[in-house]
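With the sequence shown counted from 1, adding 6 to any position gets you the numbering used here. Cβ coordinates follow ideal geometry from the N, Cα and C atoms, glycine included. Input: a single structure, listed below in structure tokens.
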Amino acid sequence: MTQEEIIVELRKMLTQRLRVAPDRVAGLAPDSLLLRDGLGLDSLDCIELLLGMEDEFGLVFDEDAEEGWIEHFSSLEKLSQLVIHMKNGTA
7 MTQEEIIVEL RKMLTQRLRV APDRVAGLAP DSLLLRDGLG LDSLDCIELL LGMEDEFGLV
67 FDEDAEEGWI EHFSSLEKLS QLVIHMKNGT A
């Protein structure tokens, strides 16, 4: 999958799993902030998104390596890079 295809799937997760309004997601640039002052996601939203990423992309997040994950949830761009690295075995 390309980074653009991953971002499309992440956008779907935002609307379907987190019930973010489609018009808000459609206007979201890949580098727009997802947390706090950006889209406003909180920690529970991040967990739900993480579960969606496991389902959609076949990833397994190590519970012992939780620290540092939150930085990847700052934007769609960073999340897509995380998916690529994990699928390539480099994360």
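- Taking a C-beta distance under 8 angstroms as the contact criterion, residue 34 and residue 41 do not qualify as a contact pair.
- According to the DSSP assignment, residue 7 belongs to no alpha helix (DSSP H), since it is labelled neither H nor E.
- Per the DSSP secondary-structure output, residue 41 pairs in a beta bridge with 47.
- For residue 68, the three-state secondary structure derived from DSSP is coil.
- DSSP places residue 32 in the helix class (H, G or I) of the three-state scheme.
- Counting only the Cα atoms, residue 52 lies some 15 angstroms from residue 15.
- By the neighbour-count criterion, in which a residue is buried when 16 or more other Cβ atoms sit within 10 angstroms of its Cβ, residue 55 is buried.
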